[in-house]
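Participant:
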Amino acid sequence: MLLVSTLLWGGALAAAAEGIEAFVDGVMADHFDRFDIAGAAVTVVRDGSVVLSKGYGYADLATGDPVDPSTTLFSTASVAKLFTWTAVMQLVERGEIDLDADVNTYLSAIAIPDTFPEPIRVRHLLDHTAGFEDSPVVGLVAPYGADVPDLETALLRWLPRRVWPPGETIAYNNYGAALAGQIVAEVSGRSWEEYIEAYILEPLGMTRSSPRQPLPAAFTADLVTSYVNGPEGLVETPFEYTTIVPSGGMIATTDDMARFMLAHLQHGRLGDARILDDATARRMHTQSFSHHPSLPGNAYGFWEGSANGQRYLYHGGDTSSYTKLVIVPEHDVGFYVAYNSPDGSVAREAFTQAFLEQVLPLGDAGSARGEAQAAATSVDFGMLVGTYGDTRMSVSTMAKLMGLLATFPVTSEDGLLVTHIPRHGEQRWVETEPLVFAEIAGPGRLVFRTDDGGRASHVFFSGYPELSFAATPWYERFELHAALFVIWLAAALSALVAWPLFGRVHPGAGPGQSPWTRIGRRLPAVASLLYLVFIGILLLALLDFAALEIGVGPPLAAGLSLTLLAGALSIGSVLYAAHAWRRGMWSTLERLHYSFVALASVALMWQLHHWNLLGIRV
Numbered sequence: 004m005l006l007v008s009t010l011l012w013g014g015a016l017a018a019a020a021e022g023i024e025a026f027v028d029g030v031m032a033d034h035f036d037r038f039d040i041a042g043a044a045v046t047v048v049r050d051g052s053v054v055l056s057k058g059y060g061y062a063d064l065a066t067g068d069p070v071d072p073s074t075t076l077f078s079t080a081s082v083a084k085l086f087t088w089t090a091v092m093q094l095v096e097r098g099e100i101d102l103d104a105d106v107n108t109y110l111s112a113i114a115i116p117d118t119f120p121e122p123i124r125v126r127h128l129l130d131h132t133a134g135f136e137d138s139p140v141v142g143l144v145a146p147y148g149a150d151v152p153d154l155e156t157a158l159l160r161w162l163p164r165r166v167w168p169p170g171e172t173i174a175y176n177n178y179g180a181a182l183a184g185q186i187v188a189e190v191s192g193r194s195w196e197e198y199i200e201a202y203i204l205e206p207l208g209m210t211r212s213s214p215r216q217p218l219p220a221a222f223t224a225d226l227v228t229s230y231v232n233g234p235e236g237l238v239e240t241p242f243e244y245t246t247i248v249p250s251g252g253m254i255a256t257t258d259d260m261a262r263f264m265l266a267h268l269q270h271g272r273l274g275d276a277r278i279l280d281d282a283t284a285r286r287m288h289t290q291s292f293s294h295h296p297s298l299p300g301n302a303y304g305f306w307e308g309s310a311n312g313q314r315y316l317y318h319g320g321d322t323s324s325y326t327k328l329v330i331v332p333e334h335d336v337g338f339y340v341a342y343n344s345p346d347g348s349v350a351r352e353a354f355t356q357a358f359l360e361q362v363l364p365l366g367d368a369g370s371a372r373g374e375a376q377a378a379a380t381s382v383d384f385g386m387l388v389g390t391y392g393d394t395r396m397s398v399s400t401m402a403k404l405m406g407l408l409a410t411f412p413v414t415s416e417d418g419l420l421v422t423h424i425p426r427h428g429e430q431r432w433v434e435t436e437p438l439v440f441a442e443i444a445g446p447g448r449l450v451f452r453t454d455d456g457g458r459a460s461h462v463f464f465s466g467y468p469e470l471s472f473a474a475t476p477w478y479e480r481f482e483l484h485a486a487l488f489v490i491w492l493a494a495a496l497s498a499l500v501a502w503p504l505f506g507r508v509h510p511g512a513g514p515g516q517s518p519w520t521r522i523g524r525r526l527p528a529v530a531s532l533l534y535l536v537f538i539g540i541l542l543l544a545l546l547d548f549a550a551l552e553i554g555v556g557p558p559l560a561a562g563l564s565l566t567l568l569a570g571a572l573s574i575g576s577v578l579y580a581a582h583a584w585r586r587g588m589w590s591t592l593e594r595l596h597y598s599f600v601a602l603a604s605v606a607l608m609w610q611l612h613h614w615n616l617l618g619i620r621v
C-alpha cells in the first residue's frame with residue numbers, strides 16, 4: 004500500500020490536497036488490485052472544506068464511462084438512515100417530537116402492539132433497540148422501474164413482531180428506521196421525501212441527490228451501473244429500490260454527501276444554511292445507548308467506532324451500492340466512500356482502517372494493544388460458553404433460516420475465552436473484570452449479559468456496536484439440525500431405494516393387496532420425494548438471492564406448497580406405521596425401516612415448520 008509521508012503532521016492529515024489525493028490514490032490502487040471492484044468514489048472533508056472528491060474505475064464497464072464524483076449517482080443504501088435521524092432531531096429541536104414518547108402517539112393508521120409492558124419510544128428507533136424482529140428478505144426490494152408502495156402501505160404490510168423488550172438490546176432494524184420516517188411525515192404534514200428535500204437537501208445545496216423512488220427522470224442517466232459477482236467476474240444487475248424508503252432509499256453523488264458531512268461536522272451549519280442548531284448537532288454526536296460503559300454504542304443513529312484510541316461516528320450501507328460515511332467530530336474530519344460492486348463491502352472497511360489509522364493521532368486507548376492483564380474473578384466460564392446468534396433475525400418468515408447459519412461458538416481454554424466468528428477467525432479473550440474481557444494482543448472488548456440464573460444470555464463486542472448476539476437455545480443449534488437433516492436424508496434415500504425393491508421381492512406386495520395397503524406402504528417414499536424436490540427448488544432460489552429479495556417466484560411458491568402435502572404424508576406414514584405394528588404386517592426389519600423413515604420425515608417436517616418453510620410464510 005502506498006503511504007505518502009507528506010500526509011502526516013502531528014498524527015493528522017497534511018493540509019495539502021495533493022498529499023491527501025496521493026494517499027487515497029495509493030489505498031484505492033491497492034484495493035482495486037486486491038478486490039473485484041468496478042468503480043468507486045471518495046470524498047474527504049477537513050476543517051470545513053472538501054479536500055478531496057474523486058472517482059475511481061468505471062460507472063459502467065460496458066460503456067467505459069468513468070466514475071465522476073460530481074455526477075455519478077450511487078445508492079446511499081442504509082446511510083440514508085442518517086437523513087431520517089437528522090429529520091427526527093430537527094423535529095425534536097422544534098418541540099414537535101418527544102424522544103421519550105410512545106411511537107403510537109405520532110401514528111394514525113399504524114398501531115404497534117403492546118407485546119411488552121414497556122412501549123417502543125422514538126429514541127428506541129434511533130438506537131435500534133425497539134426490539135423488532137428483522138425485516139423479511141422477501142419483498143424488501145423492488146426492481147428498477149417498479150411501482151414502490153407508499154410508505155404507510157409498506158409499513159402496514161411488513162409490520163414485524165416485537166421479540167425483544169425495548170430499550171435493552173440492539174437489534175439492527177430497517178423497519179424501525181422506516182417507522183421513524185413515517186413519524187416525520189405525520190408530524191410535519193409532508194411525505195418523508197418532501198420533508199428531506201425541503202429541510203435537508205435544499206438548504207445544503209444537495210442538488211444531485213434524491214430520496215424519491217422511482218427516480219426522477221433528471222437523475223436516471225447518471226445512475227451508476229451495479230454489479231454482482233459471477234462465475235467469470237462481475238455481472239451487471241438492476242438497481243434496487245427499497246420498499247421501506249427511509250431506511251435506505253436515497254441516491255446521491257459523493258460531492259453532495261460531502262456537504263452533508265460538513266454540516267454535521269460544523270454543528271448543523273454549512274455556509275449560511277443551518278439544518279440543526281448547535282446544541283442539537285452536538286447532542287446528536289454524543290452516545291445515546293450502549294450495552295456497557297466499556298463498549299461503543301449508538302449516537303442518535305450514528306454508530307460509534309474507535310481507531311488509534313480515538314472515537315469516530317459512522318454508518319454503512321449495502322444495497323446495489325456499498326457505502327460508508329465516517330466523521331470524527333473531535334478532529335473535524337470525515338469521508339464518504341461508495342462502490343458499485345459487492346467486494347466494496349470489504350474494501351470500505353479496509354479503507355476505513357487505513358484512512359483513520361493514518362489520520363488520527365494515537366490516543367490513550369490506542370496504546371492498549373499488547374498482552375491484556377487478567378483480573379481476579381469468580382465468574383464460572385461454564386456459564387458463558389455456548390453458541391450465540393445475531394439478534395437481527397426474523398422469527399415469523401422463512402428468512403428465519405438465515406439465523407441457523409449466523410451462529411458462532413464461545414469456548415474456554417487455559418483460563419481464556421475463545422470466539423470463532425465467521426470471517427473473523429479465532430480470537431482469544433482474558434477477563435479484566437466480571438463479565439468484561441479484553442482481546443489478547445488486540446484492542447477489542449467483549450461483554451456478557453447474564454440472566455437471573457447467572458447464565459450468559461447475550462454477548463457484545465466493541466468492534467460491532469450495531470450487532471448483538473443472544474445465546475442460542477439447544478433446539479436451534481446448527482449441529483442438531485444438521486444431524487437431523489443427515490438422518491432424514493439417509494432415511495429418504497433408503498425409502499426411495501426400498502420402495503421399488505419391496506414391490507419386486509415381497510410376496511405380499513402384489514395385486515392381491517388392497518389399494519389402501521399399497522398406498523400406505525408408499526407414503527414415506529412419496530413424502531421423501533416431495534421433500535427432495537422442495538430442497539432442490541429452495542437451493543436454486545437461494546442461488547439467485549437478489550430475485551428472492553423481490554418476491555417468491557412461482558417455482559419456490561410451488562415448492563413451499565409441496566411441503567404441506569409432504570407434511571401430511573409424513574403424519575400419515577407415522578399413523579400407518581402404528582397400524583403395521585398392530586397388525587404384524589411385513590417382517591420386523593421392514594416395519595423398523597418403515598418406522599425409521601416415517602419418524603425421520605416427521606422430524607424434517609418439524610424442522611421446516613420451525614424455520615417457517617412449511618407452506619408460504621413471507
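For the sequence shown, this note's numbering assigns the number 4 to the initial residue and increments by one for each residue that follows. Note that CB positions come from ideal geometry on N, CA and C, so glycine has one too. Keep in mind that this is a model prediction, so the values were computed, not measured.
(1) Go to TYR597, then tell me how far its alpha helix (DSSP H) extends in each direction, as first and last residue.
(2) Taking the alpha-carbon of GLU197 as reference, which of THR390, LEU158 and PRO249 has the nearest alpha-carbon?
(3) Taking the alpha carbon of ILE100 as the point to measure from, which residue in LYS327, THR79, VAL125 and PRO518 has its own alpha carbon closest?
(4) Take GLU469 and list the residues in its own chain whose beta-carbon comes closer than 6 Å to its own, dropping the five residues that flank it on each side.
(5) Do SER465 and PRO299 have their C-beta atoms closer together than 9 Å?
(6) Grab me the residues of ARG624's own chain with a C-beta within less than 8 Å of its C-beta, minus the 5 sequence neighbours each way, in chain order.
(7) If you pair each beta-carbon of the region 471-489 with each one of the region 603-616, do three or more pairs fall below 8 Å?
(8) Taking all protein chains shown into account, do 16 or more other C-beta atoms lie within 10 angstroms of the C-beta of GLY513, making it buried, or fewer, making it exposed?
(9) Smallest Cα separation from PHE354: which of TYR342, VAL151 and ASP454?
(10) Ignoring anything shorter than 3 residues, give me the beta strand (DSSP E) runs that lie fully in the region 435-500, in order along the chain.
(11) Whole angstroms are fine: how far does the CA of GLY170 sit from the CA of VAL331?
(12) In three-state DSSP terms, what is SER250?
(13) Locate the beta strand (DSSP E) running through GLU197, then write down its first and last residues.
(14) Helix, strand or coil for TYR175, going by three-state DSSP, please let me know.
(15) Out of curiosity, what's the CA-to-CA distance linking THR75 and ALA133?
(16) With DSSP as the reference, please indicate the residues paired to PHE242 in a beta bridge.
(17) Evaluate the contact criterion for the region 70-84 versus the region 256-263: three or more CB pairs, one atom per stretch, below 8 Å.
(18) Going along the chain, which residues of its own chain have a beta-carbon closer than 7 Å to the beta-carbon of SER194, five neighbours each way excluded?
(19) What residue does the beta strand (DSSP E) around ALA560 start on, and which one ends it?
(20) For PHE548, count neighbouring Cβ atoms within 10 angstroms of its own Cβ and tell me buried if that reaches 16, exposed if not.
(21) For PRO139, I'd like the list of residues in its chain whose CB is within less than 7 Å of its CB, leaving aside the five on either flank, ordered along the chain.
(22) Are there 16 or more other CB atoms within 10 angstroms of the CB of TYR579, so buried, or fewer, so exposed?
(23) Using a Cβ-Cβ cut-off of 7 Å (strictly less than) and excluding sequence neighbours within five positions of TRP167, which residues of its own chain qualify?
(24) Any idea which residues DSSP pairs ALA310 with across the strands?
(25) State buried or exposed for THR156, treating a residue as buried only when at least 16 other CB atoms are found within 10 Å of its CB.
(26) HIS334 and LEU363 look like a contact to me (Cβ under 8 Å); what is the Cβ gap, rounded to whole Å?
(27) Hey, ILE113 and LEU158: beta-carbon distance below 9 Å or not?
(28) Let me know the secondary structure DSSP gives ALA276 once reduced to three states.
(29) What did DSSP end up calling TYR325 once you bin it into helix, strand or coil?
(30) Rank GLY457, PRO437 and ARG431 by C-alpha distance to the C-alpha of GLY445 and give the top, closest one.
(31) Work out the CA separation of ASP275 and TYR391 for me, nearest whole Å.
(32) Does the distance from the C-beta atom of ALA62 to that of PRO69 stay below 9 Å?
(33) Would you check if there are 3 or more beta carbon pairs closer than 8 Å linking the region 267-286 to the region 414-425?
(34) Should GLN356 be labelled buried (16 or more other beta-carbon atoms within 10 Å of its own) or exposed?
Facilitator: With the given structure in hand:
(1) According to the DSSP assignment, TYR597 belongs to the alpha helix (DSSP H) that extends over 591-613.
(2) Sorting THR390, LEU158 and PRO249 by C-alpha distance to the C-alpha of GLU197 places PRO249 at the top.
(3) VAL125
(4) The answer, listed in chain order, is TYR175 and TRP306.
(5) yes
(6) Nothing can be reported for residue 624, as the shown portion of the chain is limited to 4 through 621.
(7) Short answer: they touch.
(8) In this prediction, GLY513 scores a pLDDT of 47, lower than 50, which makes its location untrustworthy; the coordinate-derived value is nonetheless stated afterwards. By the 10 Å Cβ count, GLY513 comes out exposed.
(9) Among TYR342, VAL151 and ASP454, the Cα nearest to that of PHE354 belongs to TYR342.
(10) 439-442, 448-453, 459-464 and 472-474
(11) 26 Å
(12) In the structure shown, SER250 adopts helical secondary structure according to DSSP, grouped into three states.
(13) Element bounds for GLU197: not the beta strand (DSSP E) but the alpha helix (DSSP H), 195-199.
(14) coil
(15) 35 Å
(16) PHE242 pairs with nothing; no bridge assigned.
(17) yes
(18) ALA188
(19) Where ALA560 is concerned, there is no enclosing beta strand (DSSP E), although the alpha helix (DSSP H) around it starts and stops at 557-586.
(20) exposed
(21) TRP161, SER397, THR400, ALA402 and VAL621
(22) buried
(23) Sequence-distant Cβ neighbours of TRP167 in its own chain, meaning closer than 7 Å and more than five residues away, are GLY134, ALA174 and THR394.
(24) GLN313
(25) exposed
(26) 6 Å
(27) Taking 9 Å as the Cβ cut-off, ILE113 and LEU158 qualify as a contacting pair.
(28) strand
(29) Note: TYR325 maps to strand in three-state DSSP.
(30) ARG431
(31) 50 Å
(32) yes
(33) no
(34) Under this definition GLN356 is an exposed residue.
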